[in-house]
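First up is the structure itself, then whatever we jot down about it.
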Amino acid sequence: MKTKWIITALMLLPACGCTGMNNTQQGGLTGGLLGAGIGALAGGPRHAAAGALIGGGVGAIAGAGIGADRDRWEERKRDQAAHAVAVANAQAARQMSVAEIIQMSQQRTADDVIIRQIESTGSVFQLTSNDILDLQNHNVSSRVILAMQTPRRATVVVPQRPVVVYEPRPYYMPPPPPVSYEVGVIYRR
Numbered sequence: 050m051k052t053k054w055i056i057t058a059l060m061l062l063p064a065c066g067c068t069g070m071n072n073t074q075q076g077g078l079t080g081g082l083l084g085a086g087i088g089a090l091a092g093g094p095r096h097a098a099a100g101a102l103i104g105g106g107v108g109a110i111a112g113a114g115i116g117a118d119r120d121r122w123e124e125r126k127r128d129q130a131a132h133a134v135a136v137a138n139a140q141a142a143r144q145m146s147v148a149e150i151i152q153m154s155q156q157r158t159a160d161d162v163i164i165r166q167i168e169s170t171g172s173v174f175q176l177t178s179n180d181i182l183d184l185q186n187h188n189v190s191s192r193v194i195l196a197m198q199t200p201r202r203a204t205v206v207v208p209q210r211p212v213v214v215y216e217p218r219p220y221y222m223p224p225p226p227p228v229s230y231e232v233g234v235i236y237r238r
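Under my numbering, the first residue of the sequence shown carries the number 50, and numbering increases by one thereafter.
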């Protein structure tokens, strides 16, 4: 009866939480405790200690392996999120401002060049009425203002994953075993 209470307590211990531990450590601890409890039960009253040791070791290894896999998955997700933020920041850095459009127009840059620059940088403008009046006061052409007002989506850069080709392993098929024949003589009287 006392063994069952200890095993129950061991099995409930992982539910208390393990703050400050990564998934590998939590998995190892949880697997070890659960494995020890199950091993103690399986060992019965005579071999409970040995069962707990074996079960705890196997459980710790399995739990740590599962936790490590979860840690790798979370790290990949963090890397992907960081990459997406970096791409968005790089794109935002390329965005043209209203002041740059005015400056290019005052330097008598051709309208087609300004419009091409707006498109190539993926610049998106949310012009207010005051912005339009300011652009007109600085002699920005109507074509450029219309190009700035044209709705466009920001260019999304999707990183391409490298293509990995695995060569199939050569399959070796051993020759069939030789056929054996038995010859016997039956003697009857």
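Ideal Cβ placement from N, Cα and C applies to all residues, glycine included.
Alpha carbon of PRO217 to alpha carbon of LEU102, nearest angstrom: 42 Å
Own chain, CB closer than 7 Å to ASP180, minus 5 neighbours either side, in chain order: VAL147
GLN198 in three-state terms, based on DSSP: helix
Buried versus exposed call for VAL310 [16 or more other C-beta atoms within 10 Å across all chains shown]: In the structure displayed, the chain extends from 50 to 238; residue 310 sits before or after that span and is not available.
Where THR79 falls, given that 16 or more other Cβ within 10 Å makes a residue buried: buried
Contact with chain C by PRO223, beta-carbon distance below 8 Å: The structure shown contains no chain C; it holds only a single protein chain.
Every unbroken alpha helix (DSSP H) inside the segment 121-166 [4 residues or more]: 147-155
Where SER154 falls, given that 16 or more other Cβ within 10 Å makes a residue buried: buried
Under 8 Å between C-beta atoms of HIS187 and ILE163: no
Collapsed DSSP secondary structure at ILE235 in the structure displayed: Three-state DSSP puts ILE235 in coil, outside helix and strand.
C-alpha distance - LEU195 paired with ASN71, whole-angstrom precision: 54 Å
Cβ-heavy atom distance, ILE103 to the ligand FAD, below 7 Å: Looking at this structure, you won't find the ligand FAD or any other ligand, since it has none at all.
Closest by C-alpha distance to ILE167, when choosing among LEU184, GLU149 and ARG157: Ranking the options by Cα distance to ILE167, first place goes to GLU149.
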